[in-house]
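**Q** The structure under discussion is supplied below as structure tokens; questions concerning it will follow.
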Amino acid sequence: MVDFFVAEQPSPWNPAPPRERAPDEHGIILLDSCIWIYFFEDHPRYAGPIATLLTQWIERGAILLSSELSLLEIKTLPLRLGKKAVVAEYQLYLNNFPGLLLVPVERAILNRAANLRARYRLKTPDAIILATGLERGATRAFTNDRGWKSIEGMEVVRLSDFTEESDAK
8 MVDFFVAEQP SPWNPAPPRE RAPDEHGIIL LDSCIWIYFF EDHPRYAGPI ATLLTQWIER
68 GAILLSSELS LLEIKTLPLR LGKKAVVAEY QLYLNNFPGL LLVPVERAIL NRAANLRARY
128 RLKTPDAIIL ATGLERGATR AFTNDRGWKS IEGMEVVRLS DFTEESDAK
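One point on numbering: in this note's numbering, the residue at position 29 of the sequence shown is 36, and numbering is uninterrupted.
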């Protein structure tokens, strides 16, 4: 896992003034739980590309969103394996990651998730995570879930498609 923490680095709690933030086509980016899981677990195929993307987003001043629901998904395996210290490390990392906002699951998000689930036949966690991004203004979502579809207002990028494209070059 790459260390992205730098002294004086803007954070969601102390963001750089808007004029200092680099413009980005997709200034608010939604990250699915699997992105963090691959990153934390140093997945042999995906951890490197994820670290590159995270670095680029930090440099461009992008705002990254993840649902607090992702905490459940990220912590499950380490808890099952009895690795409480790993869980604490993941939580600390996410709480302090530059530009990352962990969004609580709120009623407006659940209402939107119900509509997304009905319209696009998404699984409940996926609908909640996508609704989180839409409610907070994200226009691009990164996942590796083949069940996610591009939905109105949100471009969905699958990491496997992105890395296959990179591998072909």
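Just so you know, even glycine gets a beta-carbon here, dropped at the ideal spot from N, CA and C.
1. Over the uninterrupted beta strand (DSSP E) stretch that includes phenylalanine 149, give me the two end residues.
2. Note down, in chain order, each residue of its chain lying with its Cβ closer than 8 Å to the Cβ of isoleucine 81, except the 5 sequence neighbours on either side.
3. Please report the residue range of the beta strand (DSSP E) in which isoleucine 35 lies.
4. Below 6 Å CB to CB, which residues in the same chain sit around leucine 37 once its five sequence neighbours on both sides are set aside?
5. Compute the Euclidean distance between the alpha carbons of lysine 91 and glutamate 75, then round it to the nearest angstrom.
6. Run the CB neighbour count on alanine 134, radius 10 Å, all protein chains shown included, and call it buried at 16 or more, exposed below.
7. For glycine 160, which of Leu61, Leu108, Leu123 has the nearest alpha-carbon?
**A** So, to answer that:
1. 147 to 150
2. Ser40, Trp43, Ile44, Phe47, Tyr97, Leu101
3. 35 to 38
4. Leu72, Gly140, Ala145, Ala148
5. 18 Å
6. buried
7. Leu123
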